[in-house]
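The opening residue of the sequence shown carries number 1 in the UniProt record's numbering; numbering runs sequentially from there. Glycine included, every Cβ here is placed at the ideal spot set by N, Cα and C. None of the values given here were measured: they were computed from a predicted structure. Contents: one structure, followed by commentary.
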Amino acid sequence: MPLTQLHARNLRPLGRVARADSLLTVYRSAALCRLGNGELAALARAAGPLSYLDLRTAPEIAADPVDERLGATVLHRPLAVPGGVRWQGNYDVEHLLAAYAAYAGQAYAAVEAIAQWTTVAGPANLVVACSAGKDRTGVVALMLSRLTGVPAENAIRDFAASFPHVMPPACDPDSPYGRSFRSRRHEGPDEIAGRFLELAPPLPTETAAAFLAALGGAPWSWWDGASRSFRNGI
């Protein structure tokens, strides 16, 4: 199955940069250790050699080690909610937005890592992943979208696309986990993403400059999930 048709566990392209001798693609995903054999096989066929930007914290990685089935080169840029911002067990929209805002400042380090990767990647494509591939990966994707000229409605659509695949059918709707998704559905992940884009801290000028310098004038294209094709960005 082509990767562009593979939706499970939030695995899909984000964008790509054209180099003189290759096209380097950035994908978003759940942690590689959460992908099934079929999904990994599709990723290997589509992506070939990989670099892997892991957004999980050290305790998460210790509990669920990085999967080495694809032999990926691993970069670590952990995103964690700082003390004072409660998020686990508090699933209403305002808590989600507070958590996402806390992630945003750290997400720029991940965007800078993506910029650095474009200069040294060689033939390797890049996978950006947290655990489930929705919240932290979604925040990084939104920050990257801001930087690379993705229209806001497309960035929001990509963010919202991660959520239908998460809540298992057997989940108790009155459990904390179930209430989290009732809350998200009440406002909708697209509305949440739109509000987050309005509230997120501004992009540091040095991050934008580093990203554009790393591209060195090479064109960046973003993935349009609606048309299932790449569109010209910066």
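Buried or exposed by the 16-neighbour rule on C-beta atoms within 10 Å, applied to residue i
i	result
N125	buried
S229	exposed
P13	buried
residue 235	Residue 235 is absent from the model: the chain starts at 1 and stops at 234.
T148	buried
T205	exposed
A170	The pLDDT assigned to A170 is 43, lower than 50, so where the model puts this residue is not dependable; a value taken from the coordinates is nonetheless given after this. A170 should be labelled exposed.
Three-way DSSP call (helix, strand, coil) for residue i in this model
i	result
S221	strand
S227	coil
L142	helix
T148	coil
A18	strand
P49	coil
V166	Bear in mind that a pLDDT of 39 at V166, under 50, signals an unreliable position, so the number given afterwards is only what the model happens to contain. Coil.
P204	coil
Y177	Summary for Y177: the model assigns pLDDT 46, below 50, so the residue's position carries little reliability, and this model does not support an answer.
L43	helix
Expected contact under 8 Å - CB spacing of residue i and residue j to nearest Å
i	j	result
R69	L40	6 Å
L32	A72	7 Å
R16	S221	5 Å
T118	L215	6 Å
S29	G133	5 Å
A142	L197	Just to set this straight, residue 142 is Leu in the shown sequence, not Ala. With a Cβ gap of about 6 Å, L142 and L197 count as contacting.
**Request:** Ignoring anything shorter than 3 residues or poking outside the segment 57 to 139, list the beta strand (DSSP E) runs there in chain order.
**Result:** 73 to 76 and 125 to 129
**Request:** Evaluate contact between the segment 151 to 161 and the segment 56 to 70, counting only Cβ atoms and requiring at least three cross-stretch pairs below 8 Å.
**Result:** no
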